[in-house]
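K.L.:
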Amino acid sequence: MSNLTQNKVEKSIKVLFLVYLFFLPLHYLLFNVILSSYSFLKIWKEIVIIILIFLTLLLLKNNSNFLSKYKFPNIFSALCGVFVLISIIYFFVSPFKIAALNILRVYLIPIILYFIAKNIKFTDNDLKFGFNILSIEASLISLYAVFQSLFLGSQFLINIGYPIRENGRLSTSFYLSGFGDFQRAAGTLVSSNTFAFFISIFFIICLYTLINKDIKNDKTKMIIIFTLISSLIGLFFSFSRSSWLATFITSLLIMVDSQKKGKLNISYTKICKCFFGLLILGIILIALLSILSKNNFFSLIIEYALNTIKFKDTSALSHISSYIKSFQVFLNNVFGTGLGINGPKAAAYFNQFYHTESSYFLILFDFGIIGFLIYYSIYFFVPVKYYFQNLDIGLANYLFVFALIAFIFLPYVQDFEIISYLFVVLGLSISKISNLKNQKINILFLHSSSEFYGSDKSLYNLVVNLNNNENMINKVYVILPTRGILKTKIENASKNTITINCHNVGVLRRKNFNLVGIIRYFIEYIESFIYLLYYIDKNNINVVYTNTSVVMPGGLAAKVLSVKNIWHIRETLDKNSFVNRVIIKYITFLSDSIIANSQSTLDNFLLKPFKNSHVVYNAVEPIKTVSPKFVFKNKDFVIGMAGRINSWKGQEIFIEAASKIKNKLNSQFNIMFLIAGDAYSGDEYLVKNLNDKIRMLGMEDEIRLLGQVNEMDGFYNSIDIFVLPSTKPEPFGLVIIEAMSLGIPVVASNMGGPLEIIDDNIDGMLFESKSSDDLCDHIVKLILNKDIYNFIGKNAVEKQRNVFSIDNNYKSIYKIIIGG
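According to my numbering, the sequence shown is numbered sequentially starting from 510.
1) If we count the other Cβ atoms within 10 Å of its Cβ and call it buried at 16 or more, is S1037 buried or exposed?
2) Helix, strand or coil for M1274? Go by DSSP, reduced to three states.
3) Below 8 Å, how does it come out for the region 985-998 and the region 1021-1035: are there three or more Cβ pairs, yes or no?
4) Is L919 near N702, with beta carbons less than 7 Å apart?
5) DSSP on G992, reduced to helix/strand/coil?
6) Label P1118 either buried or exposed according to how many other C-beta atoms from any shown protein chain fall within 10 Å of its C-beta, with 16 as the threshold for buried.
7) Where N1113 and L538 are concerned, what is the direct C-alpha to C-alpha distance, given to the nearest angstrom?
8) Out of L698, V542 and L561, state which residue places its alpha-carbon closest to the alpha-carbon of Y529.
9) Give me the Cβ distance between I1162 and P1234, rounded to the nearest whole Å; I'm assuming they're in contact under 8 Å.
10) With DSSP collapsed to three states, give me the class of I620.
11) Just how far apart, CA to CA, sit I1007 and K1073?
12) Rounding to the nearest angstrom, what Cα-Cα distance links V1125 and K769 in this structure?
13) Output yes if chain B places a C-beta closer than 7 Å to the C-beta of G993; else output no.
14) If you drop the 5 nearest sequence neighbours on each side, which residues of the same chain put their C-beta closer than 8 Å to that of I612?
15) Check whether the Cβ atoms of I758 and I914 lie closer than 7 Å to each other.
16) Please report how far the alpha carbon of N970 lies from the alpha carbon of A1185, in whole angstroms.
17) Indicate the three-state DSSP secondary structure (helix, strand or coil) for I724 in the structure shown.
18) How far does the alpha helix (DSSP H) with V1060 in it reach, from first residue to last?
19) If you draw a straight line from the C-alpha of F712 to the C-alpha of P619, how long is it?
20) Which residues mark the beginning and the end of the beta strand (DSSP E) in which A1073 is found?
21) Buried or exposed: where does I1325 fall if 16 or more other Cβ atoms within 10 Å of its Cβ makes it buried?
22) Going by beta carbon distance, what residues of the same chain come within less than 7 Å of Y717, once the five residues before and after it are set aside?
23) Are the beta-carbon atoms belonging to A1002 and L1041 less than 7 Å from one another?
24) Which first and last residues belong to the alpha helix (DSSP H) in which T565 is found?
25) Whole angstroms is fine: what's the gap from F1337's alpha carbon to P1240's?
26) How many Å lie between F870 and I597 at the Cα?
27) Can you grab the Cα-Cα spacing for the pair I999 / L1111, in whole Å?
28) With a threshold of 16 other CB atoms inside 10 Å of the CB of Q1177, please say whether the residue is buried or exposed.
29) Please name the residue in I669, F1300, G1252 and D1222 whose C-alpha comes closest to that of L544.
30) Could you check what DSSP says for K580 in three-state terms: helix, strand or coil?
31) Look at N1106 and N951 and say whether their C-beta atoms are less than 7 Å apart.
32) Within the same chain, show all residues whose beta-carbon is closer than 7 Å to that of N899, passing over the 5 residues directly before and after it, in chain order.
33) For I829, tell me which candidate among Y863, A857 and S867 has the shortest Cα-Cα distance.
34) Does the beta-carbon distance from S767 to I733 come in below 7 Å?
35) Per the contact definition of three or more C-beta pairs closer than 8 Å, is the region 1263-1278 in contact with the region 1294-1308?
36) How many Å lie between F881 and L873 at the Cα?
Written out as structure tokens, the structure is:
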């Protein structure tokens, strides 16, 4: 098959697939009611399905990529295959071949649609177009349902050909039990409950999309909101309690999960306000409709609720009776009663058949206990499998939760017109993951230095592990501003399989915040931007990953080339600063995903909620036990700190505390204090200031400024207590977990990242920021109390291994890279 022919076949499949889904909810009204005299039209679904199967198999046969996807996932495909086999066996042993064939297609068509959705590559534009069309259709069906129910009434349905009973009325399922002729909204579907299930699916899809997706198209957003409102109104007037309950629980799960993931940043106060606002709007709407339709909906709703609660409603009572009888039938027919004589579909063929109110019992009747286990394994297995594999098929998960709740109350499982939507969404979700699994990603990391401090170490651990452990990563590229120890370490660890280039990446420094600096930086930015455009295009980069908020041009280059852009924020920015607010808006506008190294960093960064924002804690490999790098004779304790020498890392607080500790314990202990780290170029005066302070306090023999220490393992093995005395909120504090990994008790400032790392007096200590007196007291407490020292050290090791492991870190980021 030529490429041209293959494209035509694929396009034909997509068109037919959308047409099929579009006409499914219209089928009953169009072909069973209005055009019922043209019997041959009723089999249009089967004809389209046969054509779709033929075209899909034709495409699979001529495309090796599709064939490779066909095998994924093996166990789930096996479950589907086994259920299809069981279905066919039950069909052949059934004495009611015509009825059994009708029921057989009910169960197999959704699986066939899943197979097609999974194996045809729908583009984002295809999905967006289909979503818009089907959402508008669902909205119109819902509004029609409400209008027909309130203003046209059941007589309209009778007049256009809906089947009636001997008493001249529609089926009892169309009416509210005990409320006379009031007809429940049913839309274009076979019953009010089926309509409610259908409209609930679109409500859940739109709610999930609105919360979890960054919708930038105003037209799409309007369609989603319109569908949400109209489907909610339609759902209400369906008076389907099973769909009400299932939709409420599923919506609650979506909001709770989204809140946990940081995609729904709404306080409980706002939720309460929204709830009461919707309640008031609902009351106004009900009052308006009561006036227009001349029905007292307030009394109707109150009485309906009371009847349900008191079990006076005949429908509720029939459910309980049905469960008892169904269980007895199952006990007498463990391997099924026979395909074709169960559920609402059997009513078309038999006067007497096995009726049940639950989809679970209906499967037990049709296929027995074995078929039941296989069928519902299909519903449970994929969400569970992908949850444990850390891959998100969120929407499909929620729809299946909704279905599994609704199945308790009604035999929806035979309404394949609505079940088909569940399997289509599942197929599309798995197709997306399959495409990602089959697509090798080229990822470019941009970083601001080539030294080996906190953010440098985090980048090193991330790129090396992604390069060595994840098959989806085709090639890792790194651009650093200069050569240095970071470049050497990455090359050695990856055995030169990671491509590293040294080039200007437009690093924004404080020295740029003056007229000359701004002009110089603007030139650097333009040059770097042009270079990155060329680099990204030349190397077919799929993801640009900027590892710090001070590297600016990469995000714009990614945006221009429509490449996924991830920004990892590792700095605490003062949102009150005009410059910082500009930087924050620049980053959030250009980012597809934002990662922060702590919740504190994220809260300080975001000006407003950003849906694709994530907190991923930094991590380290446990520090090795090696010979101490710094050995001091006749010293009882060595206390150290490590970090860039700057205005807020707290070296001065550390020196002041050291002096006070000496004054308190000099007669009991000989103590040495070490400061590891150096200043940025241009900030050397800070080192001089520290030396002056040390001399002023007479601490020249007790305090050592070590400069940059390249082999930090030796440093940590030289100290007994580690201190992080930052005077501003620390974004994270990687040095804390490095010390913890070796069982060294840590004393850190009580703000920023350390608050999320340390449980005070359990696996570390927190002191009052900027207070050298409080820092002194905490260190003295550790020195004088060996039990507390050992207790904290032991817990620190466990905390680092369980929470701040490299494995947890890079796998969390990997998930964001492939999913967003």
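All C-beta atoms in this analysis are idealised placements derived from N, C-alpha and C, irrespective of residue type, glycine included.
P.N.:
Here's the rundown:
1) Taking the first residue of the sequence shown as position 1, residue 1037 is located at position 528. When all chains shown are included, S1037 counts as buried.
2) In the sequence shown, the residue the question calls residue 1274 occupies position 765. In this structure, M1274 counts as strand in the three-state DSSP scheme.
3) no
4) For the purposes of this step, residue 919 is taken as residue 410 along the sequence shown, with counting starting at 1. For the purposes of this step, residue 702 is taken as residue 193 along the sequence shown, with counting starting at 1. Taking 7 Å as the Cβ cut-off, L919 and N702 qualify as a contacting pair.
5) In the sequence shown, residue 992 corresponds to position 483, counting from 1. In the sequence as displayed, the identity of residue 992 is Arg instead of Gly. R992 falls in the coil class under three-state DSSP.
6) As a first step, residue 1118 must be located in the sequence shown, where it is residue number 609. Label assigned to P1118: exposed.
7) The count along the sequence shown starts at 1 and reaches residue 1113 at position 604. The count along the sequence shown starts at 1 and reaches residue 538 at position 29. Rounded to the nearest angstrom, the two C-alpha atoms are 56 Å apart.
8) Looking up residue 529 in the sequence shown gives position 20. Among L698, V542 and L561, the Cα nearest to that of Y529 belongs to L561.
9) Residue numbering aside, residue 1162 sits at position 653 when the sequence shown is read from its first letter. Residue numbering aside, residue 1234 sits at position 725 when the sequence shown is read from its first letter. Going by Cβ atoms, the distance from I1162 to P1234 rounds to 4 Å, so yes, they are a contact pair.
10) Working through the sequence shown from its first residue, we reach residue 620 at position 111. Reduced to three states, the DSSP call for I620 is helix.
11) By one-based count along the sequence shown, residue 1007 stands at place 498. By one-based count along the sequence shown, residue 1073 stands at place 564. Roughly 20 Å separates the two Cα atoms.
12) In the sequence shown, counting from the first residue as 1, residue 1125 sits at position 616. In the sequence shown, counting from the first residue as 1, residue 769 sits at position 260. Whole-angstrom Cα-Cα distance: 13 Å.
13) Of the protein chains in this structure there is only one, and it is not chain B.
14) Residue mapping note: residue 612 aligns to position 103 of the sequence shown, counting from 1. Once the five neighbours on either side are set aside, the close Cβ partners of I612 are L848, G849, N851, G852, K854, A855, D875 and Q923.
15) Locating residue 758 in the sequence shown gives position 249, counting from the first residue. Locating residue 914 in the sequence shown gives position 405, counting from the first residue. Cβ distance < 7 Å, so I758 and I914 count as in contact.
16) Numbered from its first residue, the sequence shown carries residue 970 at position 461. Numbered from its first residue, the sequence shown carries residue 1185 at position 676. The alpha-carbon atoms of N970 and A1185 are separated by roughly 21 Å.
17) Taking the first residue of the sequence shown as 1, we reach residue 724 at position 215. Note: I724 maps to coil in three-state DSSP.
18) Here residue 1060 corresponds to residue number 551 of the sequence shown, with the count starting at 1. Careful: V1060 lies outside any alpha helix (DSSP H) and carries neither H nor E.
19) The residue labelled residue 712 in the question sits at position 203 within the sequence shown. The residue labelled residue 619 in the question sits at position 110 within the sequence shown. Using only the alpha carbons, I get a separation of about 20 Å.
20) By one-based count along the sequence shown, residue 1073 stands at place 564. Strictly speaking, residue 1073 in this sequence is Lys, with Ala absent from that position. From DSSP, the beta strand (DSSP E) with K1073 extends over K1073 to I1078.
21) For this step, residue 1325 is matched to residue 816 along the sequence shown. By the 10 Å Cβ count, I1325 comes out buried.
22) By one-based count along the sequence shown, residue 717 stands at place 208. Once the five neighbours on either side are set aside, the close Cβ partners of Y717 are I763, G903, L904 and Y907.
23) Within the sequence shown, the letter at position 493 stands for residue 1002. Within the sequence shown, the letter at position 532 stands for residue 1041. Against a cut-off of 7 Å, the Cβ pair of L1041 and A1002 comes out as no contact.
24) Translated into positions along the sequence shown, residue 565 becomes position 56. Its alpha helix (DSSP H) spans residues W553 to K570.
25) Lying before the first or after the last residue shown, residue 1337 is absent from the chain, which here runs from 510 to 1329.
26) On the sequence shown, position 361 is the one that residue 870 refers to. On the sequence shown, position 88 is the one that residue 597 refers to. Cα to Cα, F870 sits roughly 20 Å from I597.
27) Your numbering for residue 999 matches position 490 in the sequence shown. Your numbering for residue 1111 matches position 602 in the sequence shown. The straight-line gap from Cα to Cα measures roughly 28 Å.
28) Looking up residue 1177 in the sequence shown gives position 668. Exposed, since its Cβ has fewer than 16 Cβ neighbours within 10 Å.
29) Here residue 544 corresponds to residue number 35 of the sequence shown, with the count starting at 1. Here the closest residue by C-alpha is I669.
30) Position 71 of the sequence shown holds residue 580. Model confidence at K580 stands at a pLDDT of 41, short of 50, so the residue's coordinates are unreliable and nothing is read from them.
31) Along the sequence shown, read from residue 1 onward, the residue named residue 1106 stands at position 597. Along the sequence shown, read from residue 1 onward, the residue named residue 951 stands at position 442. For N1106 and N951, no; Cβs fall outside 7 Å.
32) Translated into positions along the sequence shown, residue 899 becomes position 390. Note on N899: pLDDT 47, under 50, position unreliable in the model; the coordinate value appears next. Contacts found: K1320 and K1324.
33) As a working note, residue 829 is residue 320 in the sequence shown. If we check each option's Cα against that of I829, S867 comes out closest.
34) Here residue 767 corresponds to residue number 258 of the sequence shown, with the count starting at 1. Here residue 733 corresponds to residue number 224 of the sequence shown, with the count starting at 1. Their beta carbons are not under 7 Å apart, which means S767 does not touch I733 by this criterion.
35) yes
36) Counting from one through the sequence shown, the residue named residue 881 turns up at place 372. Counting from one through the sequence shown, the residue named residue 873 turns up at place 364. The alpha-carbon atoms of F881 and L873 are separated by roughly 6 Å.
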